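Numbering (the UniProt record's numbering), first residue to last: 1 to 289.
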């Protein structure tokens, strides 16, 4: 059986890009994977781990006859990559990405892809982890996980379907949102939790008795702060890229904290139990979905 993709080019062969390559390989959906990246050491490691077949050196030669190009770099780097690949994309080469924000990525694509814009179908795999780099890549990372496509009005339906199929080959469950809907949703359920996790650890780290505090931290602290081990560079870019939605979510959360502050200040046991019970009920229903 002929693989669905003869050649896939990946910019960024870490957790997201590397797992995409391994998943397509496992599914028998790709013949050749070519990797590009900033770190020679990471690219060589990706070769050793069987993530890529070759390390790319000539962008024009590699993307010109590729079936699919995946941008799995920090979102702030994508504009430059769009500009570099745009003149060389083949007529049938599709481009997708793994960025956690979509409004900024779409804006970068519109600014740099020119008449190749219809070939770009934005995507966001909801399957990250706190670990990064080629060594973190897993063939089953996307199995049963959600991937959100945010198609553009310019995208032909068959192109969207082909990118959807690529993620489905990886085992993902694919849905669609507009870029604006995507960024509003993920500011609330992904970006804000990361910001809070970083903030809590940073706050404790500034205290004179931080060693004492951390020596008594246990599973609750570990669970809440697991995502503070994520890439600072990546999350810096995500927060700045989704700045407006993040500011709205921070204000909303600050209001919720004020409610709890007042309840504690007034020893309002009923209010505390009301908030905790509602939160527990909603979380329980979510985990059973």
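The beta-carbon is built from N, C-alpha and C at its ideal position, and this holds for glycine as well.
Keep in mind it's a predicted model, so treat the numbers as computed, not measured.
What do you get for residue i, buried or exposed, if any count of 16 or more other CB atoms within 10 angstroms of its CB means buried?
i	result
residue 261	exposed
residue 57	exposed
residue 202	exposed
residue 235	buried
residue 35	buried
residue 181	exposed
residue 45	buried
residue 232	exposed
residue 122	buried
residue 287	exposed
residue 255	exposed
residue 209	exposed
residue 102	buried
residue 25	buried
residue 144	exposed
residue 63	buried
residue 153	exposed
According to DSSP, simplified to helix, strand and coil, what is residue i?
i	result
residue 146	strand
residue 231	coil
residue 13	coil
residue 118	helix
residue 244	helix
residue 7	strand
residue 92	coil
residue 104	helix
residue 71	strand
residue 140	coil
residue 155	coil
residue 268	coil
residue 132	coil
residue 2	coil
residue 113	coil
residue 262	helix
residue 76	helix
residue 27	coil
residue 252	helix
Return the chain-ordered list of same chain residues with a C-beta closer than 6 angstroms to the C-beta of residue i, the five sequence neighbours on each side being excluded.
i	result
residue 98	16, 72, 125
residue 167	147, 174
residue 95	69, 119, 120
residue 79	108, 112
residue 141	19, 127
residue 67	5, 6, 7
residue 179	102, 103, 106, 150
Flag residue i as yes if its beta-carbon sits less than 9 angstroms from any beta-carbon of chain D, otherwise no.
i	result
residue 87	Absent from the structure is chain D; it holds one protein chain and no more.
Could you please give me the residues that DSSP links to residue i through a beta bridge?
i	result
residue 124	148
residue 97	71
Spatial neighbours of residue i within its chain, please: CB distance less than 7 angstroms, with the 5 preceding and 5 following residues excluded, ordered by chain position.
i	result
residue 3	28, 29, 30, 31
residue 263	271, 272
residue 237	74, 75, 76
residue 155	118, 121
Output needed for residue i: all residues of its chain with C-beta closer than 8 angstroms, excluding positions within five of it in sequence on either side, in chain order.
i	result
residue 290	Because the chain spans 1 through 289 in this model, residue 290 falls outside it and cannot be assessed.
residue 90	63, 64, 65, 66
So does residue i have its beta carbon nearer than 8 angstroms to some heavy atom of the ligand MG?
i	result
residue 248	The model depicted lacks the ligand MG and carries no ligand whatsoever.
*What are the uninterrupted segments assigned as beta strand (DSSP E) that are 3 or more residues long and contained completely in the segment 158 to 220, given in chain order?*
Within the segment 158 to 220, the complete beta strand (DSSP E) runs of at least 3 residues are 173 to 176.
*With a floor of 3 residues, list each beta strand (DSSP E) that falls wholly inside the segment 29 to 68, ordered by position along the chain.*
Fully enclosed beta strand (DSSP E) runs of no fewer than 3 residues occupy 30 to 36 of the segment 29 to 68, in order along the chain.
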